[in-house]
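Below is one structure, written out as structure tokens, with a few remarks after it.
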Amino acid sequence: MISKATLSTFCLLSLFLQACTSTPDVTGVSHIEQYFHDEHFSMVEHLPVPEDLFSLPDEAVKELKSELQRSKLSRSKHLLANEWLAKYINAEEGAFEYRDNVTLVASETFGERAGNCLSLVLLTATLAKELDVVVEFQEIDVPPVWDKQGGFYLVNGHINLKLLPPNNGSSVQLLKRAIQVDFLPERAVRGYAKRKINKQTVIAMFYNNVAAESLVVGDYDKAYGFLKLGLLEMPNYVPALNTLAVLYRYKGLNNEAEALYKLALEMNNKDMTALYNYAVMLGAQDRLDEWAVIHKQLELERIDNPYYYYGIAQQAYLDKEYQDALLWYKRAVAKADYRHEFYFGLSKAYWKTGDERRAEANMLKALALTHDEGSKLRYQSKLHAMKSH
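Positions -19 to -1, 1 to 370 (mature numbering (1 follows the signal peptide of the UniProt record, and there is no 0)) are the ones given, in order, by the sequence shown.
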């Protein structure tokens, strides 16, 4: 049995692992093709190629330019193209909605009028190109946001972009500032360091995200196809090397997985995601001396994972050690106060200790935080039972 693996994604569905950890300077990878093993996978047709990520149907381009022309006849006629586009795309004005679900190419996001942060960044960059607006992509060093999907621990990261003003040599235009477009509230990203990244990195992020989504639902062939496309675009993208290694492990290709973990750690020997997953594999193979070396590096990092505390809390609850469970649930909440299941755990433990007021308060908190319909119904039912008690 494979222990829970950790993967990396950006603004995924509340997904995956690498998150917005920093993207360090890494060395190149020669002949990435040697790490592909097509013989173990079936080819999936019609996967989006890099050009598809930034393309729109003709009717979408026509709609965009019609909106721009209408604005020029109204109060927006003096706006520069980057200013107008920022208003057009802004979720607060109801044009496009941030929705933390799956990762989509620009044309799909345009049709849905919603998407996660990476999907909306792809769309905005595509719209900008149609208006001759130059963009700069930015990775934001927000604290990692932990989640769990099936057999995986997930850590979300964040990305946004700037729309640059036109440069026509005018001194007046040069005074205009770039406009940052972000689909999270400003307070959520204010004060965090930003790092300019190139289009190639954004493409690599996309393929790693959609591969992670496919892996979580068990579509290994599609995950492999996406990872190949991403690594051919950017062979030294460490999160994708890690995700491919995890995929190989799930296919029973342990030697191939180990080769990728070692390659990822050659690129960045402090990448905690690759270190963690490699340690899991070494432990499963009883290679304890090698495991101990990596485990030493990981031990301090582990205490930052809220699910580490949550797992201890859950076990304490099952063992009917309710005061201990409360202690560990509280530590999980201290690390990630946005996770509904942590408050649900607190509610259960408080109820068992006879503190009905706190049990109800934490159930309300869990209900307010969840976006999953199944969890909502469960929490509403529990809350009703508490009130009827």
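Cβ coordinates follow ideal geometry from the N, Cα and C atoms, glycine included.
Since the model is a prediction, treat every value here as computed from it, not as a measurement.
Any Cβ of chain D within less than 8 angstroms of the Cβ of residue 271?
-> The structure shown contains no chain D; it holds only a single protein chain.
What does residue 141 pair with, by DSSP beta-bridge criteria?
-> Bridge partners of residue 141: 119.
Can you give me the start and stop residues for the beta strand (DSSP E) that residue -11 sits inside?
-> In this chain, the beta strand (DSSP E) harbouring residue -11 covers -15 to -10.
Taking 8 angstroms as the threshold, find out whether the region 52 to 70 comes into contact with the region 241 to 258 through three or more Cβ pairs.
-> No: the two stretches stay apart, fewer than three of their Cβ pairs being nearer than 8 angstroms.
Hey, out of 177, 352, 368, whose CA is closest to residue 81's CA?
-> Nearest C-alpha to residue 81: 352.
Identify which residue in 296, 83, 247, 103 has its Cα closest to the Cα of residue 11.
-> The shortest Cα separation from residue 11 among 296, 83, 247, 103 belongs to 247.
Buried or exposed (CB count within 10 angstroms, at least 16 for buried), residue 233 = Flag for residue 233 reads exposed.
Could you check how far apart the C-beta atoms of residue 372 and residue 261 are, in whole angstroms? I think they sit under 8 angstroms.
-> This structure cannot settle anything about residue 372, because the visible part of the chain is limited to -19 through 370.
Closer than 7 angstroms by C-beta to residue 190: which residues in its own chain qualify, once you throw out the five before and the five after it? Chain order, please.
-> Cβ neighbours of residue 190 within its own chain (closer than 7 angstroms, five residues either side excluded): -11, -10, -8, 84, 99.
Indicate the three-state DSSP secondary structure (helix, strand or coil) for residue 284 in the structure shown.
-> DSSP places residue 284 in coil when its eight states are reduced to three.
Between which two residues does the beta strand (DSSP E) carrying residue 162 extend?
-> 160 to 162 is the span of the beta strand (DSSP E), which, as asked, contains residue 162.
Look at residue 306 and residue 297 and say whether their C-beta atoms are less than 8 angstroms apart.
-> Yes; because the gap between Cβ atoms is below 8 angstroms, this pair is in contact.
Drop a sphere of 10 angstroms on the beta-carbon of residue 288, count the other beta-carbons inside from all chains shown, and report buried for 16 or more, exposed for fewer.
-> So residue 288 ends up on the buried side.
Which same chain residues, not among the five before or five after residue 330, have their C-beta less than 7 angstroms away from its C-beta?
-> Hits under 7 angstroms: 298, 303, 306, 307, 310.
Tell me the DSSP bridge mates of residue 403?
-> Outside the shown range of the chain (-19 to 370) lies residue 403, about which nothing can therefore be said.
Just checking my contact of residue 102 with residue 118 at CB under 8 angstroms: how many whole Å lie between their CB atoms?
-> That belief holds up - the Cβ atoms of residue 102 and residue 118 are roughly 7 angstroms apart, short of 8 angstroms.
Cβ atoms of residue 42 and residue 105: under 8 angstroms apart, would you say?
-> Their beta carbons are not under 8 angstroms apart, which means residue 105 does not touch residue 42 by this criterion.
Could you check the C-alpha separation between residue 174 and residue 354 for me, to the nearest Å?
-> Distance between the alpha carbons of residue 174 and residue 354 is about 35 angstroms.
Could you tell me whether the Cβ atoms of residue 222 and residue 188 are closer together than 8 angstroms?
-> No. Outside cutoff.
Whose CA, out of 252, 342, 30, 65, lies closest to the CA of residue 159?
-> Closest by alpha carbon: 65.
Taking all protein chains shown into account, do 16 or more other C-beta atoms lie within 10 angstroms of the C-beta of residue 76, making it buried, or fewer, making it exposed?
-> Residue 76 comes out exposed.
Figure out for me which residue from 300, 290, 251, 133 has the closest Cα to the Cα of residue 279.
-> Its Cα nearest to that of residue 279, the residue 251 stands out among 300, 290, 251, 133.
Which residue from 275, 265, 269, 325 puts its Cα closest to that of residue 294?
-> Among 275, 265, 269, 325, the Cα nearest to that of residue 294 is on 325.
Keeping to the same chain, check which residues put their C-beta closer than 8 angstroms to that of residue 23; ignore five residues upstream and five downstream.
-> Closer than 8 angstroms at the Cβ level, and outside the excluded window around residue 23, lie 202.
Bounding residues of the alpha helix (DSSP H) (the contiguous stretch that carries residue 359) = Where residue 359 is concerned, the enclosing alpha helix (DSSP H) stretches over 354 to 369.
Which listed residue (196, 179, 54) has its alpha carbon closest to that of residue 133 | Nearest in C-alpha terms to residue 133, of all of 196, 179, 54, is 196.
Report the three-state DSSP secondary structure of residue 110 (helix, strand or coil).
-> Residue 110 falls in the helix class under three-state DSSP.
Which residue or residues does DSSP assign as beta-bridge partners of residue 178?
-> Beta-bridge pairing links residue 178 to 118.
Tell me where the alpha helix (DSSP H) around residue 202 begins and ends.
-> It spans 201 to 214 - the alpha helix (DSSP H) in which residue 202 sits, taken as one unbroken run.
Output the boundary residues of the alpha helix (DSSP H) element that contains residue 304.
-> Counting along the chain, residue 304 sits inside the alpha helix (DSSP H) bounded by residues 303 to 316.
Test item: CB-CB of residue 108 and residue 70 under 8 angstroms | Between residue 108 and residue 70, the C-beta spacing is below 8 angstroms.
Applying the criterion that 16 or more other CB atoms from any shown protein chain within 10 Å of the CB defines a buried residue, is residue 9 buried or exposed?
-> Classification for residue 9: exposed.
Output the boundary residues of the alpha helix (DSSP H) element that contains residue 320.
-> For residue 320, no alpha helix (DSSP H) encloses it, and the DSSP letter there is neither H nor E.
Provide the residue span of the alpha helix (DSSP H) that contains residue 254, from first to last.
-> Segment 253 to 265, the alpha helix (DSSP H) holding residue 254.
State the CB to CB distance for the pair residue 181 and residue 214, rounded to an integer number of angstroms; the pair is presumed to be in contact (CB under 8 angstroms).
-> Yes, residue 181 and residue 214 are in contact; Cβ-Cβ is about 6 angstroms, under 8 angstroms.
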